[in-house]
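Going by UniProt numbering, the sequence shown opens with residue 1, and the numbers climb by one from there. Think of the CB as a built atom: it goes at the ideal place given N, C-alpha and C, for glycine as much as any other residue. Some notes on the structure that comes next.
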Amino acid sequence: MGVCGSKAEIFGSKDAEFTMKIQFCGGCSYRPKAVYVQKEVEKIFGEKLAVIFKKDLKVTGNFEITLFNQKTGESKLVHSKKNGGGFVKEDNFDEFKEKLAEFCSS
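Spelled out as structure tokens, the structure:
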């Protein structure tokens, strides 16, 4: 779901089994928060999961994380700042990691 256009960056293997899209507000300085999630996820999942940053070109307040299973086409929104999730950070990363593990094991 695009918001007034966006710019994407891709990290990891194009052959990864799973992809995580982090869509974030371009005018809100949220990129460092996306980088934190990317680095932590890489430590856990390595080449099994690729990460896409999708930066909104306007101020949106978005910080949405969606997982995609490349084999089945299944997708799931696993985190939403706008739905009350705030940001993924050190103090709530274990809960976020459980959501990732559950999706990636199904």
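task = Closer than 7 Å by C-beta to residue 59: which residues in its own chain qualify, once you throw out the five before and the five after it? Chain order, please.
result = 25, 27, 28
task = Give the range of the alpha helix (DSSP H) segment to which residue 98 is assigned.
result = 93 to 105
query = Where does residue 70 fall in DSSP's three states?
reply = coil
message = Three Cβ pairs or more, each shorter than 8 Å: is that satisfied between the region 79 to 86 and the region 49 to 56?
response = no
task = Please classify residue 34: is it buried, with 16 or more other beta-carbons within 10 angstroms of its beta-carbon, or exposed?
result = buried
key: Pairwise C-alpha distance: residue 91 and residue 38   = 16 Å
request  = Quick one: using the 10 Å Cβ neighbour count with 16 as the cut-off for buried, is residue 72 buried or exposed?
outcome  = exposed
query = What's the C-alpha gap between residue 14 and residue 21?
reply = 13 Å
request  = Report the residue from 105, 70, 64 whose alpha carbon sits nearest the alpha carbon of residue 88.
outcome  = 64
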